[in-house]
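Structure first, then comments.
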DNA sequence: ACCAGCTCCTGCTTGC
DNA sequence: TGCAAGCAGGAGCTGG
């Protein structure tokens with residue numbers, strides 16, 4: 152499911168419920184997600200204060216007061232929901248636990264935070280903060296696309312000599328952190344570039360357009376609370392609404408939305424993933 | 001080293 | 001209506 156805007160939406164939803172709070176309970180309701188959950192999960196988390204919630208790429212990072220960080224990845228279908236039963240409650244009321252509710256936290260303010268993940272491609276790992284930067288999942292991660300480093304010259308040099316397609320290069324988390332299938336398609340459409348173009352053919356003008364398109368689409372999506380398809384929900388159960396702003400994603404066979412283009416959106420498969428684009432105006 | 005394909009898993013949609 | 005195939009927002013691993 153989640154790409155950068157969805158993970159950032161989750162981070163913002165969890166922050167008021169978790170930042171500064173003590174976990175009075177942490178329950179792993181099965182031993183594993185994609186990877187085994189940390190050993191002694193409950194004992195290692197219970198009593199810990201969450202000092203900060205950060206996001207790096209598509210990873211959610213919970214910094215704990217014992218010097219460890221809980222790394223969470225939502226995979227394709229992971230979501231969190233925040234609920235309480237307090238008088239004048241701020242969050243949705245607690246529901247009965249549901250299928251695929253794999254991890255449950257409870258804070259010292261009586262708030263319950265539940266991780267649900269039908270496909271179990273997500274994972275949680277506990278890593279000492281001193282080893283976080285060097286952790287094998289994080290050390291090779293590329294630039295944050297909403298930061299200052301995202302610009303034309305960066306893309307030109309990052310893609311120089313790469314034999315792969317522009318689309319595959321955009322999905323490479325070692326280059327740009329947090330871009331996924333939807334926003335890669337949307338950024339290429341906005342920049343007027345074909346997903347099939349060889350990455351190394353990106354000249355400086357095209358690279359500049361692409362860098363701006365990536366930053367624009369991600370920024371707009373974060374503002375919209377991400378995109379909600381099928382099972383993605385925000386932590387408060389509401390839906391993001393950026394899916395209404397898709398210009399090519401999932402629009403195969405429909406007319407290109409670029410003014411005066413008149414083309415038809417196509418779906419092709421690249422590296423096993425759908426790419427949507429308009430062959431008439433994306434070159 | 002880069003690159004593409006396979007794989008993990010469940011659930012929803014599509015087509016016969 | 002039933003059933004099987006195809007598809008889904010990710011990314012680590014394997015082998016070429």
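In this note's numbering, the protein residues as written are 152 to 434. Using N, Cα and C, we set each Cβ at its ideal position, and we do this for glycine too.
Rounded C-alpha distance that separates residue i from residue j
i           : j           : result
residue 196 : residue 263 : 14 Å
residue 331 : residue 235 : 32 Å
residue 386 : residue 430 : 38 Å
residue 189 : residue 222 : 11 Å
residue 298 : residue 370 : 11 Å
residue 215 : residue 169 : 11 Å
residue 153 : residue 384 : 10 Å
residue 219 : residue 434 : 47 Å
residue 184 : residue 167 : 26 Å
Bounding residues of the beta strand (DSSP E) (the contiguous stretch that carries residue i)
i           : result
residue 231 : 230 to 235
residue 281 : Careful: residue 281 lies outside any beta strand (DSSP E), inside the alpha helix (DSSP H) at 280 to 283.
residue 365 : It is not in any beta strand (DSSP E) - residue 365 instead sits in the alpha helix (DSSP H) that spans 355 to 374.
residue 426 : 424 to 428
residue 421 : 417 to 421
Collapsed DSSP secondary structure at residue i in the structure displayed
i           : result
residue 257 : strand
residue 334 : helix
residue 265 : strand
residue 172 : coil
residue 276 : strand
residue 244 : strand
residue 378 : coil
residue 396 : helix
residue 346 : coil
residue 441 : Residue coverage of the chain in this structure runs from 152 to 434, which leaves residue 441 outside it and unanswerable.
Candidates the options, of which the one nearest residue i by Cα
i           : options               : result
residue 191 : 172, 276 and 261      : 276
residue 243 : 388, 414, 322 and 411 : 388
residue 261 : 274, 250 and 238      : 238
residue 342 : 398, 240 and 423      : 398
residue 347 : 326, 421 and 201      : 421
Boundaries (first-last residue) of the alpha helix (DSSP H) holding residue i
i           : result
residue 307 : 303 to 310
residue 320 : 317 to 322
So within the segment 177 to 223, which uninterrupted beta strand (DSSP E) runs reach at least 3 residues, ignoring any that extend past its ends?
The segment 177 to 223 contains these whole beta strand (DSSP E) runs: 201 to 207 and 210 to 215.
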